[in-house]
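Asker: Residue numbers for the sequence shown follow our numbering, beginning at 9 and rising by one.
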Amino acid sequence: MASKSVSWLRNQSHGLKVVIAGNHGLLLDASRPDLDGKALVAREQIDWGDIKYLQDTATTVVCKNGRRFNIYGSPKSPRHGNWAFQYPREDDVWSNSVPAATDILVTHGPPRAHLDLTTLGCQHLLRELWRVRPSLHVFGHVHEDYGHEWVQFDTLQDAYERAILARGGIWNLLVVVRAFLHSVFGHPQVIATCQLVNPSMVGGLRDDVRRQPMEVYI
């Protein structure tokens, strides 16, 4: 099945292809039991061709116009069932794991409070996103929160995310309102911005194709 998927990706017309696995990529997770060695053999037989497969690794791509992008990719997501590349939700597996010069971050799971139905993302990944501040973060996993967001690493963004992590509350709401008023009437901040994209095309119990592919410009 993995070989067929990779073959399909190789046949696409895109000039540059960067791929990560996810929680259904059981074959690609070398930490899973493989008593008869069949998974190892199958992994070694995958022909990635011109695809750049990232598994907690980085690459640099050069576009036709000469623009260069540093890309880091990871298949990890918080544990939900007995799937691949998963970790206990309370464990911080992200701290200082993403290179500081990353322009595009690609992860299977979302950061907490963004395109994750507000509860399913990882707060440790969110903290790493703030540290690195890439231009673009692409993720999936939470199929039903398909969409696109612009985020700004400012006091309003911080207040909003803290309110989500605390699951609301009057005090947190007041802090968000105060940060909003300050962003409108206070001194403007020079801040980095980042696009967050959850392009999950499938949904429902059978993962039927329900949505269109997404394009972003950076």
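C-beta atoms are modelled at their ideal positions from N, C-alpha and C, and glycine is treated no differently.
(1) Mapping DSSP to helix, strand and coil, what is Val69?
(2) Just how far apart, CA to CA, sit Ala109 and Arg139?
(3) Using 8 Å as the threshold, is the region 152-168 in touch with the region 203-217, meaning 3 or more CB pairs across them?
(4) Need the endpoints of the alpha helix (DSSP H) that His132 sits in, please.
(5) In chain order, what residues of the same chain have a beta carbon less than 6 Å from the beta carbon of Gly81, not counting five sequence neighbours either side?
(6) Apart from the five residues on each side of it in sequence, which residues of its chain come closer than 6 Å, Cβ to Cβ, to Ala66?
(7) The beta strand (DSSP E) with Asn31 in it runs from where to where?
(8) Looking at the structure shown, is Ile79 part of a helix, part of a strand, or coil, going by DSSP?
(9) Which one or two residues does DSSP pair with Leu24 in a beta bridge?
Answerer: According to the structure shown:
(1) strand
(2) 11 Å
(3) The region 152-168 vs the region 203-217: in contact.
(4) 131-140
(5) Ile28, Leu62, Val114
(6) Tyr80, Pro107
(7) Asn31 -> no beta strand (DSSP E), and no H or E assigned at all.
(8) strand
(9) Beta-bridge pairing links Leu24 to no other residue.
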